[in-house]
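Report on the following structure.
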Amino acid sequence: MTALGSAAVLISKHKPSPLFTKLSLGFAAGIMTAAAVWSLLTPAIEQAESYGYHPAISVGGGFVLGAAFLILLDKIMPHLHLNSKEAEGPKSHLSRHSLLFLAVTIHNIPEGMAVGLTMAAAISSGSPEAFSAAVALAIGMGIQNVPEGTAVALPMYSSGVSRLKAFALGAFSGIVEPIAAVIVVYLASFFIPLMPWMLAFAAGAMIYVVVEELIPEASLGEHSDVGTISVLCGFVMMMILDTSLG
């Protein structure tokens, strides 16, 4: 779905407006926040109780570890956020579009982990409801990836990158999601009793991305109210998806 959004660069000549960027990033933030709560933390608490764990330890601990993992990635990988002039992480001679590509790739890792873990949890439980919840999460992540792909590819093209290269970089930034999902499904099968920790880990990683990157980008500057409303719309849409299919 990221590739679908990135394909906009093949037909559009203009950089996305600040309004579009705030709408897309706010919508993604809302979806990811709701997914972290309804699709990851709530099942993590339920599974922790079923295994006899104390939720405050297993779920809280997994959440903190997930956020710490993303903080570590931010520190060791050079990257550049949308609308930012200064790169983060170690000093690098990479171009701006390469740094932006790395930033989006980091952002997509927890999304892939979340989908993979909810699917692994559904497989281990054998519950149709859990499988439906995993499908709802995958749909939600796919929907928010479309405008995200557009918001990444068009600025690359506007900065001088060719249309084809901008499309390729935007599309490839999303490939990490299915790769992370497949790896997590495989590894989780060996650590089923740790599922509460792993679900909370993915939630912590996603919330870190939301708080550190998406919400600031969506709420600062002009059109801040639009960004806030977009966050709420994304949250409600993901909540409806999860409660309808889950």
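Counting the sequence shown from 1 gives a position; the numbering used here is that position plus 1492.
Each residue gets a CB set at the ideal place from its N, CA and C atoms; glycine is no exception.
Three-state secondary structure (DSSP) at Ile1635? In the structure shown, Ile1635 sits in a helix (DSSP, three-state: H, G or I).
Cβ-based burial, Val1501 [other Cβ within 10 Å; buried from 16]: The residue in question, Val1501, is buried, as its Cβ has 16 or more Cβ neighbours within 10 Å.
Locate the alpha helix (DSSP H) running through Ile1563, then write down its first and last residues. Here the alpha helix (DSSP H) through Ile1563 covers 1547–1568.
Distance, Cα to Cα, Ser1498 vs Tyr1543? Between Ser1498 and Tyr1543, the C-alpha separation is close to 43 Å.
When you compare each of Val1723, Tyr1649, Lys1583, Thr1735 to Lys1487 by their alpha carbons, which one comes out closest? Summary: the structure shown does not reach residue 1487, with the chain confined to residues 1493 through 1738, and so no result is reported for it.
Please determine, among Phe1683, Val1596, Thr1610, the residue with the shortest C-alpha to C-alpha distance to Gly1641. It is Val1596 whose Cα lies nearest to the Cα of Gly1641.
Measure the Cβ-Cβ separation of Gly1632 and Ile1699 and say whether it is below 9 Å. Not a contact, by the Cβ cut-off of 9 Å.
At a threshold of 8 Å, does Gly1726 count as lining the ligand NAD (C-beta to nearest heavy atom)? In terms of ligand content, the structure shown is empty, and the ligand NAD therefore cannot be addressed.
With DSSP as the reference, label Glu1714 as helix, strand or coil. Three-state DSSP puts Glu1714 in coil, outside helix and strand.
Near Gln1539, what residues of its chain come up, given a Cβ to Cβ distance below 6 Å and the 5 sequence neighbours on each side ignored? Cβ within range, chain order: Met1687, Pro1688.
Which class does Tyr1543 belong to by DSSP, given the choice of helix, strand or coil? Of the three classes helix, strand and coil, the one that applies to Tyr1543 here is coil, per DSSP.
Starting from Ser1665, trace the alpha helix (DSSP H) in both directions and tell me its first and last residue. Unbroken alpha helix (DSSP H) run through Ser1665: 1655–1665.
Own chain partners of Pro1547 with C-beta closer than 6 Å, once the 5 adjacent residues on each side are dropped: Contacts found: Ile1537, Ala1540.
Quick check on the burial criterion: 16 or more other C-beta atoms within 10 angstroms. Buried or exposed for Val1556? It is exposed - the Cβ of Val1556 has fewer than 16 other Cβ atoms within 10 Å.
Just to check my reading of the structure: Ala1458 and Leu1609 have Cβ atoms closer than 8 Å, yes? What is that Cβ distance to the nearest angstrom? Nothing about residue 1458 can be reported from this structure: the residues present for the chain run from 1493 to 1738 only.
N- and C-terminal bounds of the alpha helix (DSSP H) containing Gly1652: Membership of Gly1652 in any alpha helix (DSSP H) is not indicated, and neither H nor E is assigned to it by DSSP.
Can you give the beta carbon distance from Ala1622 to Ala1614, rounded, assuming they're within the 8 Å contact cut? Contact annotation, Ala1622 with Ala1614: C-beta distance approximately 4 Å; criterion of less than 8 Å satisfied.
Exposed or buried, which one is Tyr1678 when buried takes at least 16 other CB atoms within 10 Å? It counts as exposed.
Helix, strand or coil: which one does DSSP assign to Gly1618? If DSSP states are grouped into helix, strand and coil, Gly1618 belongs with coil.
Using only alpha-carbon positions, find the residue among Ser1516, Ser1531, Gly1558 that is nearest to Ala1719. According to the sequence displayed, residue 1719 carries Gly and not Ala. Relative to Gly1719, the option among Ser1516, Ser1531, Gly1558 whose CA is nearest is Ser1516.
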